[in-house]
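Written below as structure tokens is the structure these notes are about.
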């Protein structure tokens, strides 16, 4: 499932990049940070990305999840930190939704 | 255009569903009960708007047929018309759940569908009880004041998606929501309006027609009260 989620993340970033100027485009690699002082995108772009990911999860995996929930905010380390943490977080959410 | 309207089984929601169906639009409605009308362009869902999962399932089912939604009208609401001392906390929570948290959750659930529209609109419902600071309706007015604030802030936060967010504040309209309000109190309210009459469903439809016009894409974060009421 992880590979499928990573593909969705990649597609989501590509879709987001289409809306961004050249100097704002986000790279898809293990060093990309989505939040914090090293974040590659501003808050509006982050919100847009979340919304694109939710849409793609529904479209490609048929699963409806809300990425931003209590769990995301109560975790000591934000699940939105990197591609890796987001992939793991999304996998947990999807498994929970499919129960 | 494709509309999602909450609370279409009666009152204002029902009249709005019928108004936009009559204009040739597609309307998707919801309520806790079945509706007593049918129309080829109308689809009804049974939804308990106080349950987030119900709202998410509703949005998921709507998206299967309509991935793009043009207008979301957060109409469903409940009232609690009693003195503060006669309002149990549970009642206040119920009012807040239906009047504030439900539009919050519904707007979130339908955001992706709205984003894909060329003229996306969110319409919320306030009330003149907010500018009147109406005693005897504290829980109701407070929940609608929260809706007003949500409207103004969402207007800013969703502007980058080209989504406009506006609200209407009706005066008393003859519906199930006002039928239990004492006549003297209603007359007192009407007397505070510039134009001293009940609101009609068409008065509300008229304001929404304005908000959803393609030319209204520069109108957002606004609350229009009927009857000449001001804050």
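Chains as they are written, first to last, in the numbering used here: chain A, -19 to 79; chain B, 269 to 499.
Beta carbons are placed, not taken as given, at the ideal position from N, Cα and C, and that holds for glycine.
The structure displayed is predicted, hence computed values, not measured ones.
task: Quick one: which unbroken beta strand (DSSP E) runs of 3-plus residues sit fully inside the region 410 to 434 of chain B? Chain order, please.
output: none
query: So is residue 342 of chain B buried or exposed if we call it buried at 16+ other beta carbons inside 10 Å?
result: Counted from its first residue, the second chain places residue 342 of chain B at position 74. With 16 or more other Cβ atoms within 10 Å, it is buried.
- prompt: Where DSSP assigns a beta bridge to residue 274 of chain B, which residues make up the other side?
  reply: On the second chain, residue 274 of chain B is found 6 positions in, with the first residue counted as 1. Its beta-bridge partners are B:298.
message: Taking 9 Å as the threshold (beta carbon to beta carbon), is residue 27 of chain A in contact with chain B?
response: Residue 27 of chain A sits at position 47 when you count from the first residue of the first chain. Closer than 9 Å to some Cβ of chain B, the Cβ of residue 27 of chain A qualifies, so yes.
task: Tell me, please, whether the CB atom of residue 304 of chain B is closer than 9 Å to any CB atom in chain A?
output: The residue labelled residue 304 of chain B in the question sits at position 36 within the second chain. It does not; no Cβ of chain A falls within 9 Å.
task: Figure out for me which residue from B:298, B:362 and B:351 has the closest Cα to the Cα of residue 403 of chain B.
output: Your numbering for residue 403 of chain B matches position 135 in the second chain. Answer by Cα proximity: B:351.
Residue 7 of chain A versus residue 431 of chain B - alpha carbon distance: What you label residue 7 of chain A is simply residue 27 of the first chain in a count that begins at 1. What you label residue 431 of chain B is simply residue 163 of the second chain in a count that begins at 1. Each residue's Cα considered, the two are about 28 Å apart.
- prompt: Could you give the distance in angstroms between the alpha-carbon of residue 315 of chain B and the alpha-carbon of residue 330 of chain B?
  reply: Counting from one through the second chain, the residue named residue 315 of chain B turns up at place 47. Counting from one through the second chain, the residue named residue 330 of chain B turns up at place 62. One C-alpha to the other measures close to 12 Å.
query: According to DSSP, what are the bridge partners of residue 493 of chain B?
result: Locating residue 493 of chain B in the second chain gives position 225, where the first residue counts as 1. Residue 493 of chain B pairs with B:437.
- request: Give, in chain order, every residue of the region 33 to 55 of chain A whose Cβ lies closer than 8 Å to some Cβ of chain B.
  value: 34, 35, 38, 44 and 46
Three CB pairs or more closer than 8 Å across the region 452 to 463 of chain B and the region 311 to 328 of chain B: no
task: Measure the alpha-carbon distance for residue 447 of chain B versus residue 414 of chain B and round it to whole angstroms.
output: Here residue 447 of chain B refers to the residue found at position 179 of the second chain. Here residue 414 of chain B refers to the residue found at position 146 of the second chain. C-alpha separation (whole angstroms): 24 Å.
- prompt: Cα-Cα, which of A:23, A:-2 and A:52 is closest to residue 73 of chain A?
  reply: Counting from one through the first chain, the residue named residue 73 of chain A turns up at place 93. Of A:23, A:-2 and A:52, the residue nearest in Cα terms is A:52.
query: Where do the N-terminal and C-terminal ends of the beta strand (DSSP E) with residue 393 of chain B fall, by residue?
result: Working through the second chain from its first residue, we reach residue 393 of chain B at position 125. Residues 389 to 393.
field: For residue 311 of chain B, the residue or residues it bridges with in DSSP
entry: Numbered from 1 along the second chain, position 43 holds the residue referred to as residue 311 of chain B. Partner(s): B:296.
query: Looking at C-beta atoms only, is the number of pairs between the region 365 to 378 of chain B and the region 331 to 341 of chain B that lie closer than 8 Å three or more?
result: yes
- request: Return helix, strand or coil for residue 306 of chain B, following the three-state DSSP convention.
  value: Looking up residue 306 of chain B in the second chain gives position 38. Three-state DSSP puts residue 306 of chain B in coil, outside helix and strand.
task: Take residue -14 of chain A as the anchor and find which of A:35, A:70, A:76 and A:79 has the nearest alpha-carbon.
output: What you label residue -14 of chain A is simply residue 6 of the first chain in a count that begins at 1. The residue with the shortest Cα to Cα distance from residue -14 of chain A is A:70.
query: Can you give the Cα-Cα distance for residue 294 of chain B and residue 45 of chain A, rounded to whole angstroms?
result: If you number the second chain from 1, residue 294 of chain B lands on position 26. If you number the first chain from 1, residue 45 of chain A lands on position 65. Cα to Cα, the separation comes out at about 26 Å.
message: Using 8 Å as the cut-off, can you tell me whether the region 434 to 446 of chain B makes contact with the region 382 to 398 of chain B, which would need three or more C-beta pairs spanning the two stretches below that distance?
response: yes
message: Determine, for residue 342 of chain B, whether the minimum Cβ-Cβ distance to residues of chain A falls below 9 Å.
response: Translated into the one-based positions of the second chain, residue 342 of chain B becomes position 74. No, its Cβ sits nowhere closer than 9 Å to a Cβ of chain A.
message: Against chain B, does residue 15 of chain A count as a neighbour if the rule is that its beta carbon must be under 9 Å from one of theirs?
response: Here residue 15 of chain A is taken as the residue at index 35 of the first chain, counted from 1. No, its Cβ sits nowhere closer than 9 Å to a Cβ of chain B.
- prompt: Got a sec: is the Cβ-Cβ distance from residue 58 of chain A to anything in chain B below 9 Å?
  reply: The residue labelled residue 58 of chain A in the question sits at position 78 within the first chain. So, not an interface residue.
- prompt: What is the DSSP secondary structure of residue 33 of chain A, counted as helix, strand or coil?
  reply: Numbered from its first residue, the first chain carries residue 33 of chain A at position 53. Of the three classes helix, strand and coil, the one that applies to residue 33 of chain A here is helix, per DSSP.
- request: Examine the Cβ distances between the region 54 to 66 of chain A and the region 416 to 435 of chain B and report whether three or more of them are shorter than 8 Å.
  value: no
Test: residue 24 of chain A CB closer than 9 Å to a CB of chain B: The count along the first chain starts at 1 and reaches residue 24 of chain A at position 44. Yes, residue 24 of chain A lies at the interface with chain B (some Cβ there is under 9 Å from its Cβ).
Continuous beta strand (DSSP E) stretch holding residue 340 of chain B: start and end: Against the second chain, residue 340 of chain B aligns to sequence position 72. Where residue 340 of chain B is concerned, the enclosing beta strand (DSSP E) stretches over 339 to 342.
query: Which residues in chain A sit within 8 Å of residue 553 of chain B, going by Cβ to Cβ distance?
result: In the structure displayed, chain B extends from 269 to 499; residue 553 of chain B sits before or after that span and is not available.
Nearest-angstrom Cα separation, counted from residue 363 of chain B out to residue 411 of chain B: Locating residue 411 of chain B in the second chain gives position 143, counting from the first residue. Locating residue 363 of chain B in the second chain gives position 95, counting from the first residue. So the alpha carbons of these two residues sit roughly 7 Å apart.
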